[in-house]
Each structure stands twice: as C-alpha cells, then as structure tokens.
Amino acid sequence: MHSEIKEILISEEEIQAKCKEIGAQLTEEYEGKFPLAIGVLKGAMPFMGDLLKRVETHLEMDFMDVSSYEGMRSSGEVKIEKDLNTQVEGRDLLIIEDIIDSGLTLSYLVDLFKYRKAKSIKIVTLLDKPTGRTSHIKADIIGFEVPDEFVVGYGLDYDEKYRNLPYIGVLKPEVYGG
Ligand code: 5GP
Ligand code: MG
Ligand code: MG
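In our numbering, the protein residues as written are 72 to 249.
As structure tokens, then:
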C-alpha cells in the first residue's frame, strides 16, 4: 500500500506532536467544563482518537456522519447519515474534522448546532485547504495547512482506502488511473 504513495506531506511524528500541542490548548480552554466532542465520520476518527488522548479535562464523545447530496455540492445541502445520540442544547461543542475544503459540510453543521441551541461551538480540524473555500467557515484550531492537492491517509480516503495510513500523503497519479 505504501508503494502507492508518491510523497509524504505530514509525517506520523509531526501529527502526533501536533495532537499533543492542540491537546494542551484544549485542556486549558475547557478546564472545569464538560465539552461534547463531536467527530465527523469517517475521516476524523484517527485524529479524534489521538487528539482527545491529550486532553486532560472530562469530556463526552459523540459522532455524526454527513454526506453532501450528489451533484449538489455547491448548494451546501447536506444529508445526515447518522445523527448525534446526545442533546446539544446548552453544551460546549468541539467539532472535530479531518479537513476543511469548501467548508460547506461544517457550515451546515454549525448552523444545525446553533439551531439546536448549543452554548458554544468550536471547530478543530487537522487539515485546512484554504484555496478550496466557498463558504465563510473558519476553524478555531488548525493542525496543518495543505496545498490544493488531493491528500490521503490518517482518516482521509480515496475510494475508501488509505484511511489507515499513519501519515498524510499524496497518491501516485497511476493509482487514480486504475
Ligand atoms: P467540504 O469542506 O468541502 O464540505 O468537505 C470536506 C470533506 O471533503 C472532507 O471531510 C473530506 O471527506 C473531503 N475532502 C476534501 N478534500 C479532501 C482531500 O484532499 N482528500 C480527501 N481524501 N478528502 C477530501
Ligand atoms: Mg470530514
Ligand atoms: Mg472521502
């Protein structure tokens, strides 16, 4: 599988160091609170696991799975595949994402959680691709900025593969061809 990777953009060590750094920041920000950490499936799963191990306050975890309607990406219309099991009213929310590209998914989620009367909403994303942005959304905490290239690994897939790589990389062009 690793032979299909052209280049490693962010190494396993860099990711782990970043999780430690952001974890310390979140520990301070949520001291004495009981935030609800919301992982956006499936891509945020490895990041959520490694990051939250580094947060030293009590917190609750839940997951949400959303998909953009086929052919309607630009409208920002998003379908909920799996909703939360937790009430968000009055809660401090920490949304955890793998990557923000257009920002439409997150913009939908933030509106939804505001409607559901969350007390506060923070977004942490491992990766940010600012060149892809078509909505106003901005993460509160960003791990790494990436160029306008399709990246895989550490939760991010191509055709459901490569999520289990411990680093972020770029595929060899022939992988897309086959
Ligand atoms: P958006 O911000 O455009 O609403 O959507 C972000 C989602 O698109 C991410 O959660 C991810 O699933 C997918 N995505 C965006 N850029 C990339 C990329 O470079 N690689 C992969 N594997 N997925 C991406
Ligand atoms: Mg995602
Ligand atoms: Mg995907």
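Note that the Cβ used here is the ideal one computed from N, Cα and C, for glycine as well.
By Cβ distance, which residues of its chain are closer than 7 Å to residue i, with the 5 residues on each side in sequence left out?
i, result
"K190", "G161, R162, D163"
"A210", "I171, I194, V195, T196, D199"
Give the C-beta separation of residue i and residue j to the nearest angstrom, bearing in mind that I take them to be a contact with Cβ-Cβ under 8 Å.
i, j, result
"T196", "I171", "5 Å"
"D133", "I109", "6 Å"
"A115", "I151", "Contact doesn't hold; Cβ gap of about 16 Å is too wide."
"R125", "A95", "7 Å"
"L130", "L123", "7 Å"
Under 6 Å Cβ to Cβ from residue i, same chain only, skipping five residues before and after it: list those, please.
i, result
"I239", "L80, I81, V222, G224, Y225"
"R144", "In this predicted model, R144 has a pLDDT of only 48, less than 50, meaning its place in the structure is not dependable enough to derive any value."
"K91", "R125"
"S138", "K150, E152"
"G214", "K89, L197"
"S206", "G174, L175, S178"
Excluding the 5 residues flanking residue i on each side, which residues of the same chain have their C-beta closer than 8 Å to its C-beta?
i, result
"K200", "I170, I171, D172, E216, V217, P218, D219"
"V246", "E75, Y229"
"L236", "M72, H73, I76, V223, G224, Y225"
"Y250", "In the structure as shown, the chain begins at 72 and stops at 249. Residue 250 is therefore absent and cannot be evaluated."
"I93", "L122, R125, V195, I212, G214"
"L242", "E75, I76, K77, F221, V223, Y229, Y233"
Taking 7 Å as the cut-off, is the beta-carbon of residue i closer than that to any non-hydrogen atom of ligand 2?
i, result
"V126", "no"
"D169", "yes"
"G114", "yes"
"V217", "no"
"V111", "yes"
Can you tell me where the alpha helix (DSSP H) with residue i in it begins and where it stops?
i, result
"E99", "83-100"
"G120", "116-123"
"V149", "Run containing V149: none in the alpha helix (DSSP H); it sits in the beta strand (DSSP E), 149-153."
For the beta strand (DSSP E) containing residue i, list its first residue and its last residue.
i, result
"F215", "212-216"
"T196", "191-199"
"F250", "The structure shown has nothing for residue 250, since the chain only spans 72 to 249."
Tell me the DSSP bridge mates of residue i?
i, result
"Y229", "K232"
"F221", "According to DSSP, F221 bridges with nothing at all."
"G174", "Looking at the DSSP assignment, G174 forms no beta bridge with any residue, so it has no partner."
"L80", "Per DSSP, none; premise fails for L80."
"A108", "M132, L165"
"G240", "I79, V223"
Following a CB-centred definition, is residue i positioned closer than 7 Å to any heavy atom of ligand 1?
i, result
"D163", "no"
"V195", "no"
"T157", "no"
"L180", "no"
"F134", "no"
Could you check if residue i belongs to the surroundings of ligand 3, using beta carbon to heavy atom distance under 7 Å?
i, result
"D199", "no"
"D228", "yes"
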